[in-house]
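First the structure, in the form of structure tokens, and then the observations on it.
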Amino acid sequence: MMRISDIIKMGPQNDPDDKKEKKDTPAPSLLDKAIRKSANSTIEQLYNAGIDLLKDIFNKARQGRHLDNSQIEIFILNSLDFKAVTDYINQITDRILLGDDELFNYFYNYREKENYIYEHSLNVCLLSVKIGIWMDMNKSDLVNIALGGLLHDIGLIAVEDIISLPRKLKHNEIEAVKKHSLHSANMLEKIKGVAEDVVAAVKAHHTRLGDENFTRTLTHDKLQKMAQIIGLADVYEALTHQRSYKSAKLPHEAVKELIEQESGNFQAKIIKSLVENIGIYPIGSWVRLTDGSIGFVASVNKGYPLRPKVNIMFDAKGNKFSDIKSIDLLNEPHLHIESPIDLEKNSRLIEKLKQK
Ligand SMILES: [Fe+2]
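In structure tokens form, the structure reads like this:
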């Protein structure tokens, strides 16, 4: 399946060709056992609850996708537990507002690569809230952004048959996929309690700053901000994860690409907030320290982007610690981060992570 933002940009002439035929390799569940068992189970449960919620919503939407417009409204109203959605987004927004960044421990490694849309949606939701906080948005706007981020791609269910085709997409198929944001908005506007701005932001999550309909569809500043935040979170999330036709970029590579290729597409203040705050070693990313040990960034020390707190998982020889060893680099002047690590390219460590 292609990165949707690439399909949006794509014309029929420049489809990725042979790469489209490749299938994903079997998904290694990178963080599954070792980290998740050792991490705060409440956070793990909260992240997993989001995935379960998304699976439920997408499955219900799939059941109703062939209904006509009048029937689908009744179907959605009867089948979707919107209260569960609002409870969930309120809970995670509160957690992130309180500085609980452990939810981002799960950001960089998909557990179900074949089924990545759920983790992608939750990650976009989490990152959108975080960018909103960096942009000084208030709680009610953050909750709206969380909802938009969570369900921005729900309309993909209308074009799943097309995006799963194991071949180059034809012009009319690409055009159909481009309409998924419209499908998402059409579904959301039928749900009582979803704010108009959320519907409009979701509809425009692939609308970019230079597009001729930018100000026509995004009529006020807050709405522009919402759509752009969700859109930017979507792009960053996709850049940092593997797809069948491309490998994942490390966070600092993704930031570089955002600066080089997306600066004209997003408002400067939004892209600046992401680039400045995500840093070189964002939470959840993997690093090797100068003593050879390997771990993932657990939290960032404000003002010290090169000296985060790191949860060490492996010693210099690649032996896994039975318990996570937490190190605050601010208190370890002799120790530094040597380099970021692409864990997905290190099958030996992945296998060890999967072991109990
Ligand atoms: Fe999308």
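Mind the numbering: the sequence shown is residues 897 to 1252 in our numbering, read in order. Even glycine gets a Cβ: it sits at the ideal position worked out from N, Cα and C.
Relative to the non-hydrogen atoms of ligand 1, the Cβ of residue 1049 comes within a distance shorter than 7 Å of at least one. Under the DSSP assignment, residue 1226 falls outside any beta strand (DSSP E); it carries neither an H nor an E label.
Residue 1024 carries a helical assignment under DSSP once its states are collapsed to helix, strand and coil. For residue 1014, the closest alpha carbon among the candidates 1161, 1133 and 1169 is that of 1133. Per the Cβ contact rule, the segment 1158-1167 is not in contact with the segment 1190-1199 (fewer than 3 Cβ pairs under 8 Å). Setting aside the 5 residues that flank it on each side, residue 1205 is surrounded in the same chain by 1194, 1195 and 1224, each with a C-beta closer than 6 Å to its C-beta; the list follows chain order. Rounded to the nearest whole angstrom, the C-alpha separation of residue 1078 and residue 1051 is 7 Å. One alpha carbon belongs to residue 1064, the other to residue 1057, and they sit about 13 Å apart. For residue 1242, there is no enclosing alpha helix (DSSP H), as DSSP marks it with neither H nor E. Residue 1038 and residue 1011 have their C-alpha atoms spaced approximately 27 Å apart. Beta-bridge pairing by DSSP links residue 1030 to no other residue. Excluding its 5 nearest sequence neighbours in each direction, residue 1097 has C-beta neighbours in its own chain below 7 Å: 1044, 1119, 1122, 1123 and 1126, listed in chain order.
The three-state reading of DSSP puts residue 1191 in strand, counting E and B together. In this structure, the beta-carbon distance from residue 1209 to residue 1191 falls below 8 Å.
In the DSSP annotation of this structure, residue 1000 is not part of any alpha helix (DSSP H), being labelled neither H nor E. Taking all protein chains shown into account, residue 990 has fewer than 16 neighbouring C-beta atoms within 10 Å of its C-beta and is therefore exposed. Rounded to the nearest whole angstrom, the C-alpha separation of residue 1137 and residue 1060 is 18 Å.
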